[in-house]
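Colleague: Residue numbers (this note's numbering): -7 to 375.
Structure incoming, see below.
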């Protein structure tokens, strides 16, 4: 879509590119988490050990500890090293010694790009080697204009990559592996674990099995899905931030800003989020409003929906039950309002229900908020 445009003019319509890319990332995220959720439902409801003896499903369940522990150490390794590098670089910038940052060049990825004809890295290999047989033999074979296009810095064909890209790719890998870890663990432990061998008898979602079995809270397959969606949304945030910032600097002819600022977290916060928020802030200003004002409203509305989610995610049943009792007491003593009565006593949402409502608000609000930022910051610059 952006590197090989399917439609004639989409390469010039930057706002459409950004919106479509982000839109499809969210769709992919929900489809994948939903697929894992249904895998867990299958193991609880439909899986029969006798019918599946020694097939791929049975072997997967037999080796679940190995699978989960491998995902676990991969996630831990990625998390500690990636965050450690970002934090180190932030501290170096804060102390005024940017030259002491740890900057790792992605030499293997650069080598692959060079083999396809990218000359800027200085590798003398295959299509980037003007004296090589591949370069000379391929002049009449390769796509017309391929070498010109791949070395043209105003398009998305094989973007030039450096230490900032290396770090963010590993941050995205952390998010992907952690999301997968939670979902795989939820599905493979859905039928039971050493802690709770009869878990499948409790169904897909259950809050806890009482004080007699301590530690049974948050271990249902539903809870794994619930936790994984936060990681999925977080990961897509990193993916879309990366794609968008890389491209708006490319489209503006200012790629060095991304290269210099993407190696530490404050660079992302300041030079991506803050420096591109002026369009939203000026949707309404002392001189009136403009065509971006609707996105300014949507940005605020998205924050409201997102923040409402925490009301359900943090304050659970007991708090709301007591609040409802107070409201019911006031309702019954208020003229006119007390003409309407309940057949049954109103009760608060269960923890499982509140998590669903909270997750829905968090997801929708988060997507609305970023969509408004993305569209306003891109269309404000490029129309």
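From the three backbone atoms N, C-alpha and C, an ideal C-beta is built for every residue, glycine too.
Remember, predicted model here, so these are calculated numbers, not experimental data.
Would you give the residue range spanned by the alpha helix (DSSP H) that residue 252 belongs to?
Modeller: Note, residue 252: alpha helix (DSSP H), 247 to 253.
Colleague: For the 8 Å Cβ check, are there 3 or more pairs between the segment 61 to 78 and the segment 133 to 151?
Modeller: no
Colleague: What residue range is occupied by the uninterrupted alpha helix (DSSP H) comprising residue 342?
Modeller: Segment: none, residue 342 is in no alpha helix (DSSP H) and carries neither H nor E.
Colleague: Where do the N-terminal and C-terminal ends of the alpha helix (DSSP H) with residue 290 fall, by residue?
Modeller: Segment 285 to 306, the alpha helix (DSSP H) holding residue 290.
Colleague: Express the C-alpha separation of residue 46 and residue 113 in angstroms, rounding to a whole number.
Modeller: 51 Å
Colleague: Find the nearest neighbour of residue 293 within the set 271, 325 and 353, judged by alpha-carbon distance.
Modeller: 353
Colleague: Would DSSP call residue 224 helix, strand or coil?
Modeller: Of the three classes helix, strand and coil, the one that applies to residue 224 here is helix, per DSSP.
Colleague: In the DSSP assignment, the alpha helix (DSSP H) including residue 156 goes from what residue to what residue?
Modeller: 155 to 180
Colleague: Decide if the segment 242 to 250 is in contact with the segment 212 to 227; the criterion is three or more beta carbon pairs, one per stretch, under 8 Å apart.
Modeller: no
Colleague: Take residue 95 as the anchor and find which of 154, 193 and 309 has the nearest alpha-carbon.
Modeller: Taking only the C-alpha atoms, the option nearest residue 95 is 154.
Colleague: Can you find the residues in the same chain that come closer than 6 Å, C-beta to C-beta, to residue 350, ignoring five residues on each side of it along the sequence?
Modeller: 301, 304 and 305
Colleague: Provide the residue(s) that pair with residue 128 in DSSP beta bridges, ordered along the chain.
Modeller: Beta-bridge pairing links residue 128 to no other residue.
Colleague: Pull the bridge partners of residue 84 from the DSSP assignment, please.
Modeller: DSSP, once it has assigned bridges, lists no residue as partnering residue 84.
Colleague: Give me, in chain order, the residues of the same chain whose beta-carbon lies closer than 8 Å to that of residue 309; leave out the 5 immediate sequence neighbours on both sides.
Modeller: 340, 341, 342, 343 and 346
Colleague: Just the Cα atoms here: how many angstroms apart are residue 330 and residue 163?
Modeller: 56 Å
Colleague: In the DSSP assignment, find the alpha helix (DSSP H) that holds residue 96 and state where it starts and stops.
Modeller: That residue, residue 96, is in no alpha helix (DSSP H); it is neither H nor E in DSSP.
Colleague: I'd like the list of long-range same chain contacts for residue 67, defined as Cβ closer than 7 Å, with 5 residues on each side in sequence excluded.
Modeller: 166, 169, 170 and 173
Colleague: According to the neighbour-count rule (16 or more other Cβ atoms, all chains shown, within 10 Å of its Cβ), is residue 191 buried or exposed?
Modeller: buried
Colleague: What separation, rounded to the nearest whole angstrom, lies between the Cα atoms of residue 212 and residue 35?
Modeller: 12 Å
Colleague: Tell me whether the beta-carbon of residue 78 lies closer than 8 Å to the beta-carbon of residue 232.
Modeller: no
Colleague: Using 8 Å as the threshold, is the C-beta distance between residue 139 and residue 178 below it?
Modeller: With contacts defined as CB atoms closer than 8 Å, residue 139 and residue 178 fail to qualify as a contacting pair.
Colleague: From the DSSP output, read off the bridge partner residues of residue 280.
Modeller: Per the DSSP secondary-structure output, residue 280 pairs in a beta bridge with 277.
Colleague: What separation, rounded to the nearest whole angstrom, lies between the Cα atoms of residue 237 and residue 264?
Modeller: 6 Å
Colleague: Just mark residue -1 as buried or exposed, buried being the case when its beta carbon has 16 or more other beta carbons within 10 Å.
Modeller: Exposed, since its Cβ has fewer than 16 Cβ neighbours within 10 Å.
Colleague: Only counting the same chain, and skipping five residues up and downstream in sequence, which positions put a Cβ closer than 7 Å to that of residue 3?
Modeller: Contacts found: -3.
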